[in-house]
Every structure is written in C-alpha cells, then in structure tokens.
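First to last, the sequence lines map onto chains X, B, Y and H.
Once you know that position 20 of the first sequence is 19 in numbering that gives the first Met the number 0, the rest is easy, because the numbers rise by one and skip nothing.
Once you know that position 49 of the second sequence is 48 in numbering that gives the first Met the number 0, the rest is easy, because the numbers rise by one and skip nothing.
Once you know that position 294 of the third sequence is 293 in numbering that gives the first Met the number 0, the rest is easy, because the numbers rise by one and skip nothing.
Once you know that position 25 of the fourth sequence is 24 in numbering that gives the first Met the number 0, the rest is easy, because the numbers rise by one and skip nothing.
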Amino acid sequence: MKKGGIPKFVIYALLIACCSIPLFFKIPIPNKPSDPSVDFYKTLSALKEGDVVLLGSDWTGSTRGESKGHMKAILRTLMRKNVKFVIWSSADPQSPRAALDVIAEVNAERVANKEEKFQRWTQWVSAGFYPNADVAINAVAQDVRTAFGSRRENDTNGVQQQIFKSPVMQKIKSVTDFDLVIDVTASKTTDFHVQFISAKNVPLMFAVTGVMVPETQVFYNSNQIKGFIGGLKGVFDMEQMMEKGINVKDANGKIAVASDKISGEIAPLPGVSVGQGTKYYPTLHVALLLMIIMIGIGNYEMISARKRQKGNG
Amino acid sequence: MNDTIWARNPQGDLKMFIGGGLILGIVLFFGVMQTPIQARRPLVWLVTFLSGGFMVAYTYWPKPINFDAKTELPKNGVETVGSFLQQSFGVVSSFVQIIAAFLLGLGIFSLLRIHLMNIARQKKDWVFSVILLVSMLSMIIFGYWDFMIRQGEKAVDFDDPQFWRMPNMVRDFLFDGLLQQMDAAMFSIIAFFILSAAYRAFRARSVEATILLGTALLVILSLMGVVAGAWDDKVAALAGDGKTGSADFIMNFKITEVAGWLKNTFQTPAITGIKFGIGLGTISMALRIWLGLEKGGKA
Amino acid sequence: MPEKQLGAWSLDSQLLGANYWDVGWFGLLFTLMIIVFIVFNVKRAKKGDNLFIRRISGLNAIDEAVGRATEMGRPVLMVPGLSDPVNATAVQAINICAHVAKTAAKFSNPIIMCAYSASMFTLAQEVIRDTYQSEGYPERFDPDSVRFISDRQFAFAAGVSGIIHREQTAAAFFLGEFYAESLIFAETANSIGAIQVASSTEATQTPFFIAACDYVLIGDEFYAASAYLTRDPIMVGSLVGQDWSKMTAIAFIAIGCLNASVMQCNIAAQTEEIYETHKSNPKELADALEDAQKLQKNNFSIPRLIKADKPPKDLKIDREKAPEEPGKEAETK
Amino acid sequence: MKPEQIEVYRTIAAGAGVLATIGLLSVLYKENKFYRVFEHIFLGLAAGWSAVAVWTESLREIWWDKLTGVVETTGAVTEPGRWAYILLVPIGAMGYMVFSRKHNWMAKIPMGILLGIWSGLQIQSFWTVYGPQMKQGMLPIIPTSFDKFIVRSDAPPELAAVTITWSQAISNFLFVFTLLSVLSYFLFSFEVKNRALKNFNVAGRYLLMIGFGAIFGSTVMMRFSLVIDRMYFIWDEFLMKRILHMG
Chain X
0 MKKGGIPKFV IYALLIACCS IPLFFKIPIP NKPSDPSVDF YKTLSALKEG
50 DVVLLGSDWT GSTRGESKGH MKAILRTLMR KNVKFVIWSS ADPQSPRAAL
100 DVIAEVNAER VANKEEKFQR WTQWVSAGFY PNADVAINAV AQDVRTAFGS
150 RRENDTNGVQ QQIFKSPVMQ KIKSVTDFDL VIDVTASKTT DFHVQFISAK
200 NVPLMFAVTG VMVPETQVFY NSNQIKGFIG GLKGVFDMEQ MMEKGINVKD
250 ANGKIAVASD KISGEIAPLP GVSVGQGTKY YPTLHVALLL MIIMIGIGNY
300 EMISARKRQK GNG
Chain B
0 MNDTIWARNP QGDLKMFIGG GLILGIVLFF GVMQTPIQAR RPLVWLVTFL
50 SGGFMVAYTY WPKPINFDAK TELPKNGVET VGSFLQQSFG VVSSFVQIIA
100 AFLLGLGIFS LLRIHLMNIA RQKKDWVFSV ILLVSMLSMI IFGYWDFMIR
150 QGEKAVDFDD PQFWRMPNMV RDFLFDGLLQ QMDAAMFSII AFFILSAAYR
200 AFRARSVEAT ILLGTALLVI LSLMGVVAGA WDDKVAALAG DGKTGSADFI
250 MNFKITEVAG WLKNTFQTPA ITGIKFGIGL GTISMALRIW LGLEKGGKA
Chain Y
0 MPEKQLGAWS LDSQLLGANY WDVGWFGLLF TLMIIVFIVF NVKRAKKGDN
50 LFIRRISGLN AIDEAVGRAT EMGRPVLMVP GLSDPVNATA VQAINICAHV
100 AKTAAKFSNP IIMCAYSASM FTLAQEVIRD TYQSEGYPER FDPDSVRFIS
150 DRQFAFAAGV SGIIHREQTA AAFFLGEFYA ESLIFAETAN SIGAIQVASS
200 TEATQTPFFI AACDYVLIGD EFYAASAYLT RDPIMVGSLV GQDWSKMTAI
250 AFIAIGCLNA SVMQCNIAAQ TEEIYETHKS NPKELADALE DAQKLQKNNF
300 SIPRLIKADK PPKDLKIDRE KAPEEPGKEA ETK
Chain H
0 MKPEQIEVYR TIAAGAGVLA TIGLLSVLYK ENKFYRVFEH IFLGLAAGWS
50 AVAVWTESLR EIWWDKLTGV VETTGAVTEP GRWAYILLVP IGAMGYMVFS
100 RKHNWMAKIP MGILLGIWSG LQIQSFWTVY GPQMKQGMLP IIPTSFDKFI
150 VRSDAPPELA AVTITWSQAI SNFLFVFTLL SVLSYFLFSF EVKNRALKNF
200 NVAGRYLLMI GFGAIFGSTV MMRFSLVIDR MYFIWDEFLM KRILHMG
C-alpha cells in the first residue's frame, strides 16, 4: 500500500468546503438541456387535461438530492397541466412516504400561490407499495386491475373505497389505458419497466439518478423509452425548461433555453419552477472542478515520480 | 353473497374454512418433513419447475387478442387456457410476494440470535448489540403503535402534525428524523471515497487507464454548464457565420456534441454489449435452476 | 368482426401484433433458440465431451487471496451482492463464495459472509454448510460466520464496513449485484490493506471497482467464473451454449447492418429522385415522400422482424359478456 | 400538537439528524466509537422498520385482507375471504427450518418457489429487453453518397434525413464495431489464435474502457449532488432556518 501525497483527511475537508460555501451564493449558470431531457419535457407538455399518468415513485431519502428534485418538477408540471395521476412504488417500503411528502409540499406551495389544491381521490390516488419489484411491475403490466385491486382509499366523503372507483381510475382497464408511464427511480425498476411495461406499447419515461444515466441512455437510443431526465443536470434542465420554455425568445430576442431537438417552441409554464436544481447546480460545478484538480494533481505526482526514478536510474 | 369453495363470506363460515386450511397446512408441513431422503431433491425440483413452468407457459401460450378477462368470455380452447393463465397471473405474483415477505422474519430472527448471543456471552462490544436491539425494538413498538392509531381514526389526516400524539411523533422522529437522514448520510459518504479514489487510483498508468481517464474528464466537463457554454461559444466563434463546409465541420467540435458522440458511439454499445452478455448469463442460470441442473437450487 | 380473426394464427393486417404468434414470434423463437443451445451443450458436456474455457485472469487471484489471509491469520470476507429476494445472480455469487469457502475450509481459515436479504441468508447458510460437510470438515463450520446484516442498502453498507474495520479482514470478495455501495466496500477494504476481488453485474458500478480493487471480473466473466473454477460439466456446457447464442447474435447484427445499409442506399436514391421531380412544390413533395415512406415500411427488413407492429389501440372485438363472478356480487348491489 | 411544540420538535429532529449525519461521516477520519453507536442505531432502526413495513405496507393488504375478506364498518362485505391463502403460512414456515440441523433441507422449498418464478420471468423478459437493443445495432454503415463527408447545414432537410455521409457512416461503423468487439470479448470457449481476431478482442477491452469512463463521469455528478444535499441540510435547513432563524 502506497502512502504519501495529500492526506485523505485534507481531501475530505476540501470536499466539504467546496460543497458548502457556494451554497450561500446565487450564481446564474448557462445551460443547454440534453436531448433526452428535451424529449422528456416535450412528452410531458403534450399531455392534455384529463389524461392519466401512472407515476412510479421508487426512491427514498437516500437519493433525495436528485430524485426529490425530479419528483417535484414532474408533479408541478402534471398539476399545472391538470393531469390526473396514480402513484405507486415497488422498490422500497419507504418510497410511498417520501412521495406523499413531496405531494404535500407541492400542494402547500400551490395553496401559498393561490392555486387550487390538487385533490386526493378526485385528481390523484396512491396505489401504495408492492414488494418484489420485478414481479410487481410485471403484475401491473399484465393485469393492472388485479394488481391494484386490493388497494383502498378514502373518497371525498371519508368512506373507504377501492381505488378503481375513483374518478382517476375510471377509464383504466389495463396498463395500456394510461396515457403515460413515468418512473422516478434510484434503482433497478427501470429494467423491470422496460422488460414488462414497454412490451405493452405504452409511452414510458424515466427520471433516474446520475449513476443510471448511461444505462438509461441505452434504452433511450433504442427507442424503448420516450425520454428521461438524469441526475442533478436533469433537475436543472427541467426547472429551466419549465421556467423559460424551449426556444422561446425573451424581450431582447435572445433564446434562454435552446434546443435543436425540437422545431418550434414550447411555452413556459407559469408558476414557481425554480428549486433544488437551480440551488445545487452551481455548487456541483465547484465540486466537479475539485475533482478535476485532484485527478490532475494525482497524475502530476505520478509523472514526476516517474521522472525522478528515471533520473536516479 | 354467494360462496364458492375458494371464496367464503367473512360473516359466515370463513373462520371454519381458515381453521381447516390451517390444519391442512400443518398436515402438509409434517408430511413434507417425513419425505424420505432420496425423494427430497425431486420434491424441491418439482416445486421449482412448477413455479417456473407457470411463467414459461404464460409466455409461450398464445393469448387472446384484446381480451378483458373480467367481463368477456374466451372463444375456444386455446383462448380458454390463455385466459386462465392471464387471470391467474396476479394471484401467482401475489404468492411470491407473500412468501418473500414471510421470509423477512428470518433475517430479523438471525439478527436477534447473533446479538442476544453477544450480550449473553458478554462478548467484546456487547454494548453495541444492546444499542442495536433497543433501537430495533423501539422502532417496532412505535411503528406499530403509530400504525394502530392511524388505522383507528381513518378520518384524521395524520400527515398534518397538529393531529399527532406521542407515538406518531416518536415514529416520525425515528423514521424521518433519524433513519432517512442516516440513509442519505451513508450514501453521501461515497462522494468522499470517489474523490480520494480518483486522486489515488485515477492515473494514466496504462493505455486502458488513460482511455478511462480521458473519457471521464470529457464527460465531467460537458456536465459543467459554464465550461460547456464557454467552449461551445468559442467553437461557434471559430466557425464564423458563413455556411461553408469547414464551418459546419468545426461546429461538430462543440463539447456537448463531442460528449454526446462519445456517449452514443462508444458508451451505449459498450453497455449494450456487457448487458447482453449478462442477460445471456442470467437466462442460462435461470434455465439451470428451472430444469434442476443447478446446485444452489436443489437439495 | 368475423370470428375467424380471433384465432391464434390470424395474419389480418389490422390485428397484426395483437398476439405473439402474429409477428412477435421472432422474439420467442430467438429465446427458444438460446434455450436449445444451452440445453444441448449441457447434454454434450455431460456425455463427456471435453469443452474448452479460456483463462480468466481475475479468477486465479482467488486462491492467492485466501492463501494470504491464512498467512496473516485474518478472516476472509465475502459479500454475495445485494439481491433481494434471492435470484440467479445471488445463487451464482454464492457458488463462487462456496469455492472460496472450500479453500478456506482446507486451511481452517475463518470466513465471514454478509447476507443482504433473509432469503439470501437462508441459501448462503445452506450452501456454505454443505461445502464444509462435503470437504470433510463439518466441525470447522461456525454458523455465525454467515450473518444477516440488514436489508436496507446503506444500513448494510454501514454494517459491512464496520465489520471490515473491526475484524481487519485480509481478503475481501465482492461478487454479485452491487450498486452505489460498491465504492464504500472497496475503499474501506482498501484502507485496511485487504486484497480485493470484485465484480458487479451492474455495468455502472464496474468502473469504481476497476479504480479501487485489485482484481475485477467484468460483466459476463462473473457468470463464467463458476464454470471456470469448478469445471463442472453442466456449468461448462451452459457457458458454451451462451457463447453459441452470442455468436448467433453477432452474426445476426452483422447481417442486419448490411441489410440496413443496402436499404438506406435505396431509400436515399429514391428520396433524391422524388426531391428532384417535386422540388418546386413543397406540398406535393411532402405527399410524395409520405407515400414513399409508407411503401418502404412494408418492405421486408431485418429490423422490422424484431420490432413487431403493434395492434391499433382502439381495436375492439365483440365477445360474449361473462357472467358476474359469484364472490363479487356484493359489490354491485 | 400545538404549532410552537411542532417547531420545537422539528428543531430537535433536525438536530438529531445532523448529529447522526456527522456521526456516520466521522468514519471518514477514523473508525471510532461515535460512528459505531450510530452504525448500530442505524442497523437496529432499519431492521425495525422492515419488521413494521412488512406488515403495514405489504402483508396486511396483499395477504391478510385477501385471507379474511373485507367487511366495511357499515357491515357490508366488499371482498370475500379466500381461505386458501392460509396454506402459504406452512410454506413460509418451511423457510425457518434452516435453523434445524435435521430438516434444514425444507428451507429449499420456499426458495425453490421464489427462484422458479424468477427463472420463468427471465425467459419471459429476455426478448423485450435485448431484441430492441440488437435492432439498435443494425445501423447503415455504407455512405449513401460518397462525395459528402459531413452533413451540411444548407442541405434540404428532406434529403438530410435520409443521407448517410462519410462521417455518419464512420460513426455508425464505430458503434457496430464497439458492440461486436465487446460481445466477442466475452466469448469464453475459444482460444483465439488468429492475430486479427486477437486485436479485435483487445480493441473490445479498450472500447469498454471508453464506456466505463463515460459512466464514471456521469456517476460523479450524482455522488456530489448527494453530498451537496447533505451540506444543504446541515447549513441551510438546520443551522440557518432552525437555529439562527434566517432565510
């Protein structure tokens, strides 16, 4: 084992400093959304009022740095477009709780903003948690009425009813009746969605953590999914696109968020769109810069050590 | 309500049926226990084969076209079997989920055993075993207590803290206050390790390592909006406004373009290739288990 | 709609893809082919045909690592991945671990195996005990050497890294499904100077193992490992079967590529022709291109074989209504 | 609880969270008692939560309600009881025989069911995953017109959509080459003697590294975002909002 060079402790302290200090400043950052993000937002924008989305929430507190931002951005968009949704989880028993908390947050924000609260039962329902992600997702793909059949919720009068009695689920007979399936995930559920739900010809999209971007890119390239947002960049992309639209010219004739992926423009969604992504993204820059510098130093040390060896030999 | 053999009215004789089922189950359990040694392997294999066989049959059996099994009748023999498979799919899936859930107690049992033993024998660091057991028990107690309260008063919106009572608060403290935060903290440790690993091991030692390093740096740079923006502006300035061939050529060297090209041209097929191999490995493993050729899957 | 279209083998264009047998047959056939390849080769290997496997470098390190642990008198740590519930990856990982345990049993070297899920714990306990028994050292097996840590990902990571620190393991084997925690394990083991053999079936984690571990099995090598280590005819046979399938896939992709190239050339030539004739009138041009595209879509091509046409979403077939399910009656009342 | 009580509670909870975070992060410096305390609390809470969730989040609805049926408070029966679900109990119980010296083989029966279903699922899902990915590899690798190197921005869009220029053909070729060489790198049952084929395999390994490098790059982003989130929690959500009452 080789020791020497910068002590570990110093490296860790540097990282803490780099991840903390920039948080206290507001720094505007230029951005070009990635193609999958643009496709993601385009598909979301194409939803009409009254459409129903099956929203998988397969993340927990451990990835809240990214997934919470995804979830929030998606929920804000769906609620503003008045699209109904069903949330369900299959990855972790903690996930439903995490999703419900975000919904409550977005609803509180809507109320503060003098918008209507998005009503449980009439506008959205929760289908709860199912253990064994692969089997559960397959069950939903094959027969959603049986899979969600045993779930019950309070209706507007406080009476427990099967969720299929709710206005949200009225037209849902099979998974193909959903207008869009989205999975916000930090785990393998992407694979299972592709394995079982993509076979049913339902438009499918993912919001994944940064680690999963390369794998999800494969599904995107082979048209197994319509689009995806990945990592903190995905959150930032979404927030920017919601705030400024795509290819929309501002007063000075400048385009704030440009993409050659789509012809024409998508108008911004009114409301509070800026959040986690915009807060964290500048800090991420500093951290990445630190990373590059550390790699640089490491390589410099190696090269100079080699030179010394050569000089001695 | 009309009872069938399988579905009984809870207000009627259901309890009797469940009791009967339980007795049947116990008989089954002890029956299996008496299996002679030479029949054990075949028995385990048979169970595996049948459960796998259902899925395989489900896959290969032609299914009815556009078929809503709940309200419409199948037309012919092929469709009847298909619809049977379709309808039992949910039930079979739930079996797996239930059995897997039953097995969860096994882990907790093993955890209890190890730590109780530690305490009983006063092994080194047995105090930590006490801490573990205490936090586990308090989570179980307050978790269920909170759940009972929520179940008891369904009309109250317990997501709103103003309705909380003591157990709700303690559960929230244990779950949201501690468990979730510790989860996130443990996850964030990785970043520190990544940084130190990058410094220690990410060096251009060989051709392979250099390739790895170069690509990683390029992708990191393309993720930094500031750098990407500056670089792309430079490239655009270099290309100029003219619609000449060279300008079009230079425009390809925007960092976002290059990183995208790397992703689409090398990263995607590399991952596809690896995953295809893993997929084949998985399917062959699955076959071995299903057909009883694997050691781990049989007695 | 006439009844004959409801049959399983209908090829009516409107119903195309509504049933596997219409166009999805190719995928099923391909899967079946893989099954046949594997089963056939297993049969062949069982008969005693000597099948060859090439050298896999990471695997020779296993004995070396266990040997070093014995020298130092410190335990060997094995983590068979985070599969929950147990699946083939876990079974495979446990098989490789059993091989490690076999070597450790011989030298009576202590082992620690950390299980992520309860079902994994059950299986691992079984297999490791069997290994000790079949090696003839049942008394050396300590039931507490296989431990259930936690089935929460990061609790598991915290627990395992605690064990690595406290037990000062000399060798560490991380085999199976690993996710984000891979680097926690690898770096922790590295910090106490343990020799590490790692592999993850998740492609996304492999670079971290490459960066931090001594020996890494990449992707598929993990599945080849037990065949390589045990030379068990069944394992070897199925590995050869996988290779056959892989070669078929390679050939298939290559042919598909050529097919696509030729097609693209034809399409380009055709489009250019249309463009030249209708250049002046954009409306006409668009219509002509659309017609051409429709025709092109109907041509035979290999990609089309794979991606079956799906039935239209609004496709409806008249059927008799089934009577209400008896148990469900209360609901409608 | 009253609003001010909620505030106090929130501050205490956030403080505990910060303490736990620091406790776990302290392992970075050195394995220590403080870390060990939180490690064991973490393990205990996680196991406890699993024990709770297994009933409240799954078994109760997917098993118990099905077994005993559902009777509303009004007395109306909405679901009949399906008694046969009780038969799963002995099957589950067989798993616990793993601790018995004599009958531990019985644990393999529930295991066999899980593994059997899993195996069947793999056969079912193989093609949906890998079929489209093979199709993705079937790219045109011959340029349609040999005089164009790159797509010109002034080309008519109708033609640009179908033309394969030299640069595109090369990119496509590289794609297919990478895919095939990676696939052939993982062939195990041949000793490659042929030089060209050997180089093909070596190329496969190098190309894999490009893939891994790209993975590394995008993973780093995620890991850092999580640290940033933690720091935000400590500085902003706890220190600024709860203690200093700013922002």
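Each residue gets a CB set at the ideal place from its N, CA and C atoms; glycine is no exception.
If isoleucine 141 of chain H and alanine 168 of chain H are in contact, beta carbons under 8 angstroms, what's the gap, nearest whole angstrom?
6 angstroms
Does tyrosine 214 of chain Y come out as helix, strand or coil in the three-state DSSP assignment?
strand
Alpha carbon to alpha carbon, how far is methionine 54 of chain B from isoleucine 98 of chain B?
17 angstroms
Check the DSSP bridge columns for asparagine 153 of chain X and list the partner residues they point to.
X/Gln159
Kindly list the residues whose CB is nearer than 8 angstroms to the CB of threonine 42 of chain X, restricted to its own chain and excluding five residues on each side of it in sequence; keep chain order.
Leu179, Pro202, Met204, Lys225, Gly226
For leucine 110 of chain B and chain X, any beta-carbon pair shorter than 9 angstroms?
no
If contact means a Cβ-Cβ distance below 8 angstroms, which residues of the region 135 to 161 of chain X contact chain B?
Ala135, Asn137, Ala138, Gln141, Asp142, Arg144, Thr145, Ala146, Gly148, Asn153, Gly157, Gln159
Kindly indicate if chain X contains any beta-carbon less than 9 angstroms away from that of glutamine 179 of chain B.
yes
Contact between the region 134 to 142 of chain B and the region 45 to 54 of chain H: three or more CB pairs below 8 angstroms?
yes
Checking contacts by CB at 9 angstroms: is phenylalanine 195 of chain X closer than that to chain B?
no
What are the boundary residues of the alpha helix (DSSP H) that isoleucine 227 of chain X is part of?
The sequence given here has phenylalanine at residue 227 of chain X, not isoleucine. Here phenylalanine 227 of chain X belongs to no alpha helix (DSSP H); instead the beta strand (DSSP E) covers 226 to 229.
Close beta carbons around methionine 245 of chain H, own chain, < 7 angstroms, minus the five adjacent residues each side:
Met239
Residue from Y/Ser190, Y/Ala185, Y/Lys278 whose Cα sits closest to the Cα of isoleucine 209 of chain Y
Y/Ala185
Select from the region 191 to 203 of chain Y all residues with a C-beta closer than 9 angstroms to any C-beta belonging to chain X, and list them in chain order.
Gly192, Glu201, Ala202, Thr203
So which of H/Leu87, H/Ser144, H/Leu66, H/Leu18 has the shortest CA-CA distance to methionine 15 of chain B?
H/Leu66
Mind reading off the beta-carbon distance from isoleucine 127 of chain Y to alanine 156 of chain Y? Whole number of angstroms is fine, and I expect it under 8 angstroms.
Contact flag wrong, Cβ pair sits at about 22 angstroms.
If distances are taken between C-alpha atoms only, which option among B/Leu217, B/Met147, B/Leu178, B/Gln150 comes closest to alanine 154 of chain Y?
B/Leu178
At the level of alpha carbons, what is the spacing between methionine 220 of chain H and glycine 30 of chain B?
57 angstroms
Which parts of the region 90 to 134 of chain H are runs of the alpha helix (DSSP H), unbroken and 4 residues or longer, counting only runs that do not cross its ends?
none
Since glutamine 263 of chain Y meets chain B, which of its residues come closer than 7 angstroms, beta carbon to beta carbon?
By Cβ distance, chain B contributes nothing, its closest Cβ being about 18 angstroms from glutamine 263 of chain Y, past 7 angstroms.
Aspartate 145 of chain B burial status per 10 Å Cβ neighbour count (16 or more: buried):
buried
Which residues, taken in chain order from the region 172 to 186 of chain Y, show a beta carbon closer than 7 angstroms to some beta carbon of chain X?
Ala179
Counting only beta-carbon separations shorter than 9 angstroms, does tryptophan 48 of chain H have a partner in chain X?
yes
Please classify arginine 116 of chain Y as buried or exposed, where buried requires at least 16 other C-beta atoms within 10 Å of its C-beta.
Checking the sequence, you will find serine at residue 116 of chain Y rather than arginine. Per the 10 Å Cβ criterion, buried.
Are the CB atoms of glutamate 271 of chain Y and histidine 277 of chain Y nearer to each other than 9 angstroms?
no
Which residues does DSSP list as the beta-bridge partners of cysteine 113 of chain Y?
Y/Arg146
Inter-residue Cα distance where the pair is alanine 168 of chain X and alanine 126 of chain X:
The question names alanine, but residue 168 of chain X in the sequence shown is methionine. Taking the straight line from one Cα to the other gives about 11 angstroms.
Assign valine 9 of chain X to buried or exposed, taking buried as 16 or more other Cβ atoms, counted over all protein chains shown, within 10 Å of its Cβ.
exposed
Would you list the one or two residues that DSSP bridges to arginine 81 of chain H?
B/Ala6
Please confirm whether aspartate 143 of chain Y has its beta-carbon closer than 9 angstroms to some beta-carbon of chain H.
no
Are the C-beta of phenylalanine 36 of chain Y and some C-beta of chain H separated by less than 9 angstroms?
no
Do isoleucine 136 of chain X and histidine 69 of chain X have their C-beta atoms closer together than 9 angstroms?
no
Extent of the continuous alpha helix (DSSP H) run through alanine 196 of chain B:
179 to 200
Measure from the C-beta of leucine 196 of chain H to each C-beta in chain B and report whether the shortest distance is under 9 angstroms.
no
Candidates Y/Ile252, Y/Glu319, Y/Tyr274, Y/Ala268, of which the one nearest serine 300 of chain Y by Cα
Y/Ile252
Mind checking which residues open and close the beta strand (DSSP E) that includes leucine 174 of chain Y?
170 to 175
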